[in-house]
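Numbering (my numbering), first residue to last: 41 to 247.
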Amino acid sequence: MTADATKVGAGMISPTQYDKRSEEALVVSPHAEAKLLFLHATVHNLERELNFYSGLFGNPFARSLVTEVKHYRVPITREGIHFHIAEWEDVRQPIIPYFSVRNIEATLARVGNLGGSVEARYELKMSSDMYEAYRRRLPRHLVDCPQKMGDCATVKDPEGILLGIVQLSEYYQKYLGVNEKSYHLSKSLVKKHALALAAAADIFSGS
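Below, the structure written as structure tokens:
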């Protein structure tokens with residue numbers, strides 16, 4: 041347990057309560073292991089869906105510069121979380137959340153240890169032509185951006201739900217505002233979740 045973790049229900053929750061979890065499972069750490077980066081929607085009719093979501097979110101989508109898959113994106117939160125849309129024949133899961141992590145190798149090892157599986161690994165990068173065209177349009181202080189944006193993997197949880205895992209390059213972490221602080225939960229949020237855990241443990245202990 042970290043020194044700044046919040047322990048809930050001390051002296052109230054027995055090890056067999058709250059779905060038979062120990063009190064150690066009722067510890068809320070302010071240090072998250074992943075940060076939501078973007079939501080990726082795969083659709084059959086790209087034009088129709090772009091029209092729908094641009095109207096829903098109130099902003100036009102920009103074509104992504106990553107060329108492996110043709111897709112479009114729009115920011116949907118103040119923190120810079122984006123919504124992506126790509127046209128895909130095999131829509132196995134309409135929306136896939138992608139999470140930024142500090143260390144993709146350690147995260148993928150944890151996926152396997154927890155009963156999940158790694159479905160695919162790939163690099164997020166611009167084609168050479170796209171990269172040069174992009175650099176010509178950047179302000180002078182940004183022209184040193186790397187062609188590779190980061191390393192990515194698609195994983196499945198034990199029930200087959202798809203998730204995306206991304207480790208951004210140092211440059212794009214700064215560009216997108218992803219830093220160590222991004223993985224920290226606020227004290228208020230930690231306290232509220234600790235209270236929620238304690239309440240659930242107390243209310244459902246006899247069920």
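Think of the CB as a built atom: it goes at the ideal place given N, C-alpha and C, for glycine as much as any other residue.
As the structure is a computational prediction, the values presented were derived from the model and not from experiment.
| query | result |
| --- | --- |
| Per DSSP, cross-strand counterpart(s) of C192 | Y162, V206 |
| Continuous beta strand (DSSP E) stretch holding T82: start and end | 75-83 |
| Beta carbon of R113 nearer than 8 Å to that of F123 | yes |
| Burial state of T117 (16 or more Cβ within 10 Å) | exposed |
| Distance between L154 and V109 (C-alpha atoms, nearest Å) | 29 Å |
| Rounded straight-line distance, which links the Cα of Y215 to that of Q187 | 14 Å |
| Option in N85, I125, H84, V83 with minimal Cα separation from F29 | Outside the shown range of the chain (41 to 247) lies residue 29, about which nothing can therefore be said. |
| Cβ neighbours of K227 in the same chain (closer than 8 Å, five flanking residues each side left out) | P70 |
| A241 to A160 span [Cα, whole Å] | 38 Å |
| Element boundaries [beta strand (DSSP E), containing V106] | Element bounds for V106: n/a, residue is neither H nor E. |
| CB-CB length for L203 against M189, believed under 8 Å | Going by Cβ atoms, the distance from L203 to M189 rounds to 19 Å, so no, they are not a contact pair. |
| Cα-Cα separation between V106 and Y174, rounded to whole angstroms | 11 Å |
| R175 - DSSP class collapsed to helix/strand/coil | helix |
| Cβ neighbours of P198 in the same chain (closer than 7 Å, five flanking residues each side left out) | G155, G156 |
| Three-state secondary structure (DSSP) of R88 | helix |
| Inter-residue Cα distance where the pair is D191 and S245 | 43 Å |
| Run of the beta strand (DSSP E) containing S140, from where it starts to where it stops | 135-140 |
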